[in-house]
Structures are given as C-alpha cells and as structure tokens.
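Start counting the sequence shown at 0; every next residue gets the next number (numbering that gives the first Met the number 0). Built from N, CA and C at the ideal position, the CB exists for glycine as well. The structure presented is a predicted model; accordingly, all values stated were derived computationally and were not measured. What follows is a set of notes on a single structure, which appears directly below.
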Amino acid sequence: MRLPTILRRVDWALVASALLLALLGVVLLSTAGETTGARALAVRQALFAAVGIALVFLLGSVHYSVFRTLAGPLYVVVLLLVVLTLVQEHRIRGVAAWLVVGGAQLQPSELLKVALVLVLARLSGESSTPWLSGRRLLSAIAVVGLPIVLVLRQPDLGMAVLLMLISLGMILVAGLSRAQKIALGALALLAGFLAWEVFFADYQKERILVFLNPQRDPLGSGYTALQARTAFGSGGILGRGLGWGPQSRLNFLPEAHTDFVFARIGEELGLVGVVIVLALFGVLFSRLLRAAQRTSDAFGRSLAVGSLLTMLVGLAVNAGMNIGLLPVTGVPLPFVSYGGSNLLASSLLLGLSLSVVVHGERWEGITAESALIEAQT
Numbered sequence: 000m001r002l003p004t005i006l007r008r009v010d011w012a013l014v015a016s017a018l019l020l021a022l023l024g025v026v027l028l029s030t031a032g033e034t035t036g037a038r039a040l041a042v043r044q045a046l047f048a049a050v051g052i053a054l055v056f057l058l059g060s061v062h063y064s065v066f067r068t069l070a071g072p073l074y075v076v077v078l079l080l081v082v083l084t085l086v087q088e089h090r091i092r093g094v095a096a097w098l099v100v101g102g103a104q105l106q107p108s109e110l111l112k113v114a115l116v117l118v119l120a121r122l123s124g125e126s127s128t129p130w131l132s133g134r135r136l137l138s139a140i141a142v143v144g145l146p147i148v149l150v151l152r153q154p155d156l157g158m159a160v161l162l163m164l165i166s167l168g169m170i171l172v173a174g175l176s177r178a179q180k181i182a183l184g185a186l187a188l189l190a191g192f193l194a195w196e197v198f199f200a201d202y203q204k205e206r207i208l209v210f211l212n213p214q215r216d217p218l219g220s221g222y223t224a225l226q227a228r229t230a231f232g233s234g235g236i237l238g239r240g241l242g243w244g245p246q247s248r249l250n251f252l253p254e255a256h257t258d259f260v261f262a263r264i265g266e267e268l269g270l271v272g273v274v275i276v277l278a279l280f281g282v283l284f285s286r287l288l289r290a291a292q293r294t295s296d297a298f299g300r301s302l303a304v305g306s307l308l309t310m311l312v313g314l315a316v317n318a319g320m321n322i323g324l325l326p327v328t329g330v331p332l333p334f335v336s337y338g339g340s341n342l343l344a345s346s347l348l349l350g351l352s353l354s355v356v357v358h359g360e361r362w363e364g365i366t367a368e369s370a371l372i373e374a375q376t
C-alpha cells in the first residue's frame, strides 16, 4: 500500500491521544526538579517517545496478518529473555525483571504483554467459534500460565496480575460457554491460592495486608500508599502547578515519575488535569474499540481488543493503587510513566492496532504472503 493511502487511512485521533499522553510524561519529568536528575530523564523519555511514534507508523504500514506468523516466534523469544532475567538476577527494588546490556536496561516482561496479545489473537482467529474447543482453551491457558509463573519467580506481582487480567479479558471477550466460564473461574481462584502460598514474597503479602489497613505500617510498606493519597487529594480543582507539588518536589512521594505519576498529576494539575488525562485515555480506548468493531477478521479484531484491554487494565490498576483502591503493585501508567520498556510495549500495541485500522476494512481475509508482496510494491 502506498504512503498517501496509508496516511489517508490513519486514525489520527488514536495517534494524537497517545502522543499527547507521552508528551505529558515528558513535561512532568522536565518539571520535577534538578535534584532527582529529572531533566536528563525527560530527554531520554523524549527519545523513547520519538522511537515509539516511529514504530507506530512502521507497524501501521504493514498488514496485520503478517504478525500472525510472527506471534509464536516472538512469544518464544520473549520467554527466553524473561528466563535470562532470572539467570542474570539484576535486581531493582528486589525484583529481577531487567536485562542489563552495557548501560542499557530492558524489561522483557513488558514485551510479554505484546507477545500474549499476539498469541491469543492468533488462537482466536483459528475458528469462527474461538474457544468452543476445550483443547484450544487449554492451549490458551498453558500459553498464559507459563509466563505468569516466570514473572512470579522474579518476583513481579504487578506484572503477573496485569498479564492474568489481560489474558482473561481476551478469552472472555472471544467467547466462552457457561461451563467454560465456571471452570476458568475455578482455575483462576486455584491459581491465586497457589500464588499466595508458593510464589508471593513476604513483602508482597505485606503490601496486600497493608492495603487493607495502611495504618498497619504507616512508616514502612504503608508509607507510599499514604503519601500517594495525600498528594492526590491535596491538588484540589486546579492543582499546585507543574513542579510545585510539595509531596513530589520534596520527595515525600517515592517513584513520582513512574508508578505514582497519577498521584503527581492529581497534586500538580488537580481535578482538571486528572479529567483531561482520563479524557485522552477515553479517546484512545474509544478509537481502539472502533477499530475492533469495524473489522470482521477475528485476528485483527482480537489484536485491537487485546491492545484496548492492556491499556485499560494498566490505567485501572495504576490509578487504583494511586488513590488507594488497589494494593501497591508497581504497575506503570501507559504512555505517561517514565520507562523505555513500558513505552516500547505500548507503542508496539498501538502500531498493531493502527495496522488493523489502516488495512482491516480493505484487506480482510488477505494472506500473510500476499501482504508481504503488497508491502514490497
């Protein structure tokens, strides 16, 4: 497909909403104060965003059916990278989730979100009744279960919960019988019990107990949750102003540029800023939903739905832990939180969804081989 045709088919509202969220993340970093090296982080995040937007348009120009054949190999490669994190054991805040090559860091578990969306979308696209076959459902559970076990070994509870919710959402949206839903629910409860008894570290159990009662340890594991609530609630209607939130500026709020950036938005931009951010996410989600609804191809529809669920769950979990509705689990805010791996994963999912938008209606049913030939013309 020629460039003018691609540009004409691009959903600019989808791209613009994600770009504005990424720009907000850069602005928040650049106004966070010199003492934390935030300006240098802002420059790095801007570079990450530039690479991300290039990836979005690159993937959007390729027919999405090509990625059906890449789903399996990508899944295996990312799993191997996650295994390497357990071998290398480069721990940050007690979690061995990063690979270090030279001075660069990569969090492969972020790429697991993309790999799982692709693999589950491929399974969904294998039949007009995707999960009617018990064998196919068991395959999906195995594909999801292995990476979750590996992530729990790191141990990264937040990412494990995120992967589980995204996968369950995709399977449920694809369609299950009543008996399968009951069986899947029972399996999820059993998995939760086993995770608590076998995989959860003591500090992760303590986080959940402190969530139920933050005053249990107000100066320890409950400190961050209490500071986040204080920061979010102190912003009022218009906020304290960019860079002038006392909780963030004076470092009372840990990880204000990553896991707790939503609390900083509430503190410095107030209710108005929070509503604007949620509105941008609303535009993003509505355009992803529109892409899914306008595509009859099961694989393309599942890609858009999986991308929507990934970002929706990320927003819900991050915002929930920032305002005290969920335990602190270390889940970043899509596009806004600092981090190249998070921004890379979000950009890849956005690019896959853009491919569904650009190619979905005109190229339904095209084979991957034909798409490759078309891409070369």
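Thinking C-alpha only, which one of Gln106, Gly323 and Ser64 is nearest Val77?
Gln106
Reference Gly24, options Val94, Tyr74, Asp258 and Arg293, closest by Cα
Asp258
Measure how close the beta-carbons of Val82 and Leu149 come, nearest whole angstrom, since I'm counting them as under 8 Å.
7 Å
For Ala255 and Leu241, I'd like the C-alpha separation in whole angstroms.
13 Å
Would the beta-carbon of Gly157 fall within 8 Å of that of Thr309?
no
Look up Val61 in the DSSP assignment and say whether it is helix, strand or coil.
coil
Do Tyr222 and Leu40 have their C-beta atoms within less than 8 Å of each other?
no
Compare the C-alpha of Phe47 against each of Ala70, Tyr63, Leu22 and Ile275 and name the closest.
Leu22
Please return the same chain residues whose Cβ sits closer than 7 Å to the Cβ of Phe261, not counting the five positions on each side in sequence.
Asn317, Ala318, Asn321 and Leu332
Trp243, buried or exposed, once every other Cβ within 10 Å from all chains shown has been counted against 16:
exposed
Opposite Ile91 in the DSSP bridges: which residues?
Val94
Leaving out five residues before and five after Ala290 in sequence, what residues of the same chain have Cβ atoms less than 6 Å from its Cβ?
Ala303, Ser352, Val355 and Val356
Leu18 versus Arg177: straight-line alpha-carbon distance, rounded:
40 Å
Pair every Cβ in the stretch 86 to 106 with every Cβ in the stretch 53 to 60, then say whether three or more of these pairs are closer than 8 Å.
no
If you check the beta carbons only, do Leu283 and Ser64 fall under 8 Å apart?
no
Helix, strand or coil for Ala31 per DSSP?
coil
DSSP bridge partner residues for Leu105 (one or two, in chain order)
Leu98
So Ala45 packs on Ala37, CB below 8 Å; how close in whole Å?
The Cβ separation is near 12 Å, so there is no contact.
Would you give the residue range spanned by the alpha helix (DSSP H) that Arg228 belongs to?
Tyr222 to Ser233
According to the neighbour-count rule (16 or more other Cβ atoms, all chains shown, within 10 Å of its Cβ), is Ala141 buried or exposed?
exposed
Measuring only the C-alpha atoms, how far is Leu98 from Gln153?
12 Å
Just curious, the alpha helix (DSSP H) that Asn321 is in, first and last residue?
Ala297 to Asn321
Using the beta-carbon count (16 or more within 10 Å), is Val14 buried or exposed?
buried
How far does the alpha helix (DSSP H) with Ala159 in it extend, from its first residue to its last?
Leu156 to Ala173
Thr294, DSSP secondary structure in three states:
coil
Relative to the C-alpha of Leu325, which candidate in Gly234, Gly101, Val100 and Leu161 has its C-alpha closest?
Leu161
When you compare the CB positions of Ser138 and Leu122, do they come within less than 8 Å of one another, or not?
yes
Given that a residue counts as buried once 16 or more other Cβ atoms are within 10 Å of its Cβ, and exposed if not, what is Asn341?
buried
Rounded to whole angstroms, what is the Cα-Cα separation between Arg228 and Gly59?
39 Å
For Trp362, name the three-state secondary structure that DSSP assigns.
Interpretation of Trp362 is limited by its pLDDT of 42, a score under 50 that renders its predicted location unreliable; the figure taken from the coordinates is listed afterwards. Here Trp362 sits in coil by DSSP.
Select from Ile147, Leu119, Trp11 and Pro146 the residue whose C-alpha is nearest the C-alpha of Arg135.
Leu119
Return helix, strand or coil for Val82, following the three-state DSSP convention.
helix
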